[in-house]
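These notes concern the structure reproduced below.
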Amino acid sequence: MKETAKEIDIILEDWLAEHKTKRKLKGSKSGDEDFMDVILSICEDKDLYGFDADAIIKATSAPLMLPHESIEDCVVGGYDIPKGTRLLVNIWKIHYDPDIGPNPQEFKPDRFLKTHKDVNVRGNHFELIPFGSGRRMCPGVSLGLQVVQYVMAVLLQGFKITRPSDEPIDMSESFGLTILKASPLEVHLAPRLDSNLYELNNDLF
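Residue 21 is where the sequence shown starts when you use the numbering used here, and the numbers rise one by one after that.
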């Protein structure tokens, strides 16, 4: 996966360099702009709807989702929301609300087998919306879920996973675009089968 990601990065960097060179020769504005030209034009403007471009690119928006705007006057939770108000959904607060799930800071995956067994992550239940909800939810939710399950299944099938010590696992988190462990988890991987069984038979290909 890492090698594939590096190769894709190299390809994208080459495309980006090629577009930048063409823009210098033809000028930043031309009639036959493609998607990458449009993105470069936006970044060169340095100002996106009143926000600095660098801040938008570097600052994570995941905890607050993308900004929305109310299309009419309404009342939500006792608050008057005038038409045209910019709204931000605080996903972090929703996911850590003790009224929805007790002890939200504890790692308890079995809660989704008991009290939250009917809750899914596809935007149908607003107490758990890591991929967003509605027409603008993450388009890669199905692919993401399938890839995660596939990778985990392959790892568990091919390796015995053990820890170098019996110390409790530190489940504290660090903030970012994705939730990472504050301290990395160290494990030992050992093949479940004899190494000879992992060799490919070239006669089959």
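Note that CB positions come from ideal geometry on N, CA and C, so glycine has one too.
Item to complete: Give the single residue among H88, K44, D138 and D117 whose Cα lies nearest to the Cα of R106.
Response: Taking the first residue of the sequence shown as position 1, residue 106 is located at position 86. Here the closest residue by C-alpha is H88.
Is P129 closer than 8 Å to V141 when the C-beta atoms are compared? Residue numbering aside, residue 141 sits at position 121 when the sequence shown is read from its first letter. Residue numbering aside, residue 129 sits at position 109 when the sequence shown is read from its first letter. Their beta carbons are not under 8 Å apart, which means V141 does not touch P129 by this criterion.
Next on the checklist: Suppose you measure from the CA of S81 to the CA of H39; what does that come to, to the nearest Å?
Outcome noted: Start at 1 with the first residue of the sequence shown, and residue 81 comes out as number 61. Start at 1 with the first residue of the sequence shown, and residue 39 comes out as number 19. Caution is warranted here: a pLDDT of 48 is assigned to S81, below 50, making its placement in the model unreliable, and the coordinate value is therefore given only provisionally. For S81 and H39, the distance between alpha carbons rounds to 28 Å.
| said: Does L148 pass the burial test, meaning 16 or more other C-beta atoms within 10 Å, or should it be called exposed? | reply: Working through the sequence shown from its first residue, we reach residue 148 at position 128. Counting Cβ neighbours within 10 Å, L148 comes out buried, since at least 16 surround it.
Just to check my reading of the structure: L60 and R43 have Cβ atoms closer than 8 Å, yes? What is that Cβ distance to the nearest angstrom? Taking the first residue of the sequence shown as position 1, residue 60 is located at position 40. Taking the first residue of the sequence shown as position 1, residue 43 is located at position 23. Rounded, the Cβ-Cβ distance is 7 Å, consistent with contact.
If I measure Cβ to Cβ from H208 and keep anything under 8 Å in the same chain, skipping five residues before and after, which residues do I get? The count along the sequence shown starts at 1 and reaches residue 208 at position 188. Within the same chain, H208 has close Cβ partners I181, T182, R183 and P184.
Which residues mark the beginning and the end of the beta strand (DSSP E) in which K180 is found? By one-based count along the sequence shown, residue 180 stands at place 160. F179 to T182 is the extent of the beta strand (DSSP E) around K180.
**Message:** Let's see if you can read the secondary structure: which residues bound the beta strand (DSSP E) around H208?
**Reply:** Reading the sequence shown from its first residue, position 188 is the one you call residue 208. In the DSSP assignment, H208 falls within the beta strand (DSSP E) that extends over H208 to P211.
By Cβ distance below 7 Å, which residues in the same chain neighbour G154 in space, the five residues on each side in sequence not counted? By 1-based counting over the sequence shown, the position of residue 154 is 134. The answer, listed in chain order, is G143.
**Report entry** Pairwise C-alpha distance: H145 and D138
**Finding:** Here residue 138 is taken as the residue at index 118 of the sequence shown, counted from 1. Here residue 145 is taken as the residue at index 125 of the sequence shown, counted from 1. Each residue's alpha carbon lies about 9 Å from the other.
| field | Residues sharing a beta bridge with K201, DSSP | value | Residue 201 sits at position 181 when you count from the first residue of the sequence shown. DSSP links K201 through a beta bridge to E193.
Original post:
Excluding the five sequence neighbours on either side, which residues of its own chain have a C-beta within less than 8 Å of the C-beta of E206, listed in chain order?
Top reply: Here residue 206 refers to the residue found at position 186 when the sequence shown is read from its first residue. For E206, where only same-chain residues beyond five positions count, the Cβ hits under 8 Å are R183 and P184.
For I111, report the span of its beta strand (DSSP E) as first-last. As a working note, residue 111 is residue 91 in the sequence shown. Per DSSP, I111 belongs to no beta strand (DSSP E); it is in the alpha helix (DSSP H), I111 to H115.
In whole angstroms, what separates the C-alpha of K78 from that of P102?
Mapped onto the sequence shown, residue 78 falls at position 58. Mapped onto the sequence shown, residue 102 falls at position 82. The predicted model places K78 with a pLDDT of 49, which falls under 50 and marks its position as unreliable; any figure quoted below should be read in that light. Distance between the alpha carbons of K78 and P102 is about 31 Å.
Query - Proximity winner among D186, S203, M191 and G178, relative to L217 (alpha-carbon distances) - result: Within the sequence shown, numbered from 1, the residue matching residue 217 stands at position 197. If we check each option's Cα against that of L217, G178 comes out closest.
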